[in-house]
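The structure under discussion appears below in the form of structure tokens.
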Amino acid sequence: MTHHQQQAAPQHWPWWPLLPLYPYGRRSTLVRELIAGQVWVFEQLQGVYYVAVPIRMTVVRLRDGLLLYAPVAPTAAVREALALLEQQHGPVRTIVLPTASGLEHKVPVPAMARAFPKAEVWVTPCQWSFPLPLPLAWLGFPARRTRVLFEQGLPHADELDWCALGPLNLGLGTFMEVACLHRASGCLLVTDALVAIGTQPPAVFEADPTPLLFHARERGDQPLLDSPEQRRKGWQRLALFASYLRPKSLQVPPLPEVMAQAWAPGLRNPRSHFGVYPFRWPAGWQEEFDQLVGPGEQALQIAPVLERLVFPRSRASLVSWIRELAQLAPLSWLIPAHYEAPIPCTNETLEQLAASLEARPWAPGDGSWQTLAAIDQTLLNLRVVPEQP
Ligand SMILES: [Fe+2]
């Protein structure tokens, strides 16, 4: 495919150099209707070095148009699908950036705002950008129609409830996330704080299962083979990577061995990373995954990276936010910006989650958690993160 053709492709996303995550300039989008005529999700893949996890925008139909929560990259395919929804349900009125720190959700917002020049843009307070703290206007946010949640009001308060976690001082910046309940559907939208990890690969991988097949291998000189079993295996390992950065059951073979295996025929292409596969998964990784997902299907959890690196000393704030969410009007579903959605979720589900988080050890440092704990300890020693956020 020539560069010119790529420009014209419906999944093209020209702003990827701002945050260079797999799959770079090409993003296909899966659109699913979760609640008939009321709630839709737009899902893409995002990640580094083939650790791709789903990222999701939720579209909610309000009385006078549509609201976009946590925008994804507005490729031509995304804009076309939104145009169809606009024809049926009215214009996009409101675009919401529901996190202060999640760069992957922030980068697409200016382009989405340009695609809908009449929409209001609402952002979470305490925005920061890494590595430089730049004003929002410099980042391409439209100053005249951008407002700050809570500080300048709340959009559609007659139909939606808004509930903030934070601000929490992370040293590097501020963590804040704003949940949104759509009362008519009972859908509670959250961004990063709560997730459920499924045992099967999310449907968004069907357009390109390469990241799954990449991780389903045992050695670098094996070809990428496709089967439902390979996809499931690859997904589970990928979820371990994304959750623990370096899972306990992962071994990294010596470099000469990795390079020797990279010369096998058929691997000299970018799809198989030129045969470089520096991972080994001895017995035990499956048990580690089963522990990660927890009991039952779609068990709600705090993503380990967040628990260990964002909330290690903020359990009380997190638990009281979950209790606040549990007090909202009747809930039916939770829709996070990553992993599974929708997740069945009642007010009792959240009460039980809050109680279980208080009862179990918090931000442990053993087993699967060793790498995350070591990063946190290094940041503490360097005084980059505060003892008491
Ligand atoms: Fe996120």
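Every position in the sequence shown, counted from 1, becomes a number in the working numbering once 283 is added. Glycine included, each C-beta is placed from N, C-alpha and C at the ideal position.
Range covered by the alpha helix (DSSP H) that runs through residue i
i              : result
arginine 591   : 587-592
isoleucine 658 : 653-664
arginine 315   : Taken as a continuous stretch (DSSP letters only), arginine 315 belongs to no alpha helix (DSSP H), being part of the beta strand (DSSP E) at 313-318.
leucine 380    : Here leucine 380 belongs to no alpha helix (DSSP H); instead the beta strand (DSSP E) covers 375-380.
isoleucine 605 : 598-609
tryptophan 405 : First-last for tryptophan 405: 403-406, but that is the beta strand (DSSP E), not the alpha helix (DSSP H).
leucine 367    : 359-372
serine 639     : 630-642
glutamate 501  : Premise fails: glutamate 501 is in no alpha helix (DSSP H) and is neither H nor E.
glutamate 387  : 386-389
Any non-hydrogen atom of ligand 1 within 7 Å of residue i CB
i             : result
threonine 312 : no
alanine 620   : yes
glycine 456   : no
glutamate 385 : Checking the sequence shown, residue 385 turns out to be glycine, not glutamate. Yes; taking the cut-off as 7 Å, the Cβ of glycine 385 has a heavy atom of ligand 1 nearer than that.
threonine 474 : yes
histidine 439 : no
histidine 388 : yes
Range of the contiguous beta strand (DSSP E) that encloses residue i
i              : result
valine 392     : It is not in any beta strand (DSSP E) - valine 392 instead sits in the alpha helix (DSSP H) that spans 392-398.
proline 450    : 443-452
glutamate 670  : Note, glutamate 670: premise wrong, no beta strand (DSSP E); not H, not E.
leucine 472    : 470-472
tryptophan 616 : 616-618
Paired residues, beta bridge with residue i - DSSP
i              : result
glycine 436    : Phe433
glycine 348    : Leu345
tryptophan 421 : According to DSSP, which records beta bridges pairwise, tryptophan 421 is partnered with nothing at all.
proline 354    : Answer by DSSP bridge pairing: none, since proline 354 is not bridged.
alanine 462    : Cys446
histidine 621  : Ile338
valine 322     : Ile318, Val343
valine 487     : DSSP lists no partner for valine 487.
glutamine 519  : According to DSSP, glutamine 519 bridges with nothing at all.
Cβ shell of residue i (< 6 Å), same chain only, five flanking positions each side left out
i             : result
alanine 646   : Glu590, Arg591, Pro595
leucine 601   : Phe594
glycine 676   : For the chain, the structure presents residues 284 to 672; residue 676 sits outside this window and is missing.
serine 384    : Gly456, Phe458
histidine 439 : Leu345
arginine 315  : Val324
Close beta carbons around residue i, own chain, < 8 Å, minus the five adjacent residues each side
i             : result
threonine 285 : Its pLDDT being 36, under 50, threonine 285 is placed unreliably in this model, and the coordinates cannot settle the point.
proline 565   : Ser532, Gln534
valine 342    : Val322, Trp323, Val324, Phe325, Leu349, Leu350, Leu351, Tyr352, Leu365, Leu368
proline 652   : The residue you asked about is not proline; residue 652 is tryptophan in the sequence shown. Contacts found: Tyr527, Pro587, Arg591, Ala646.
proline 374   : Gly348, Leu349, Phe399, Lys401, Ala402
Neighbourhood of residue i by C-beta distance below 7 Å, restricted to the same chain and skipping five residues each side
i              : result
valine 478     : Gln584, Ala586, Pro619, His621, Tyr622
leucine 255    : Nothing in the structure corresponds to residue 255, since the chain is present only between 284 and 672.
proline 669    : Asn452, Gly454
isoleucine 658 : Leu592
proline 484    : Leu495, Arg514, Arg515, Trp518
leucine 608    : Cys446, Ala462, Leu471, Leu633
valine 667     : Gly454, Leu455
heavy atom of ligand 3 below 7 Å from residue i C-beta
i           : result
leucine 422 : Ligand 3 is absent from the structure shown, which contains only ligand 1.
Beta carbon proximity, residue i to chain B, threshold 8 Å
i             : result
aspartate 509 : Going by chain labels, chain B is absent from the structure shown, which holds only one protein chain.
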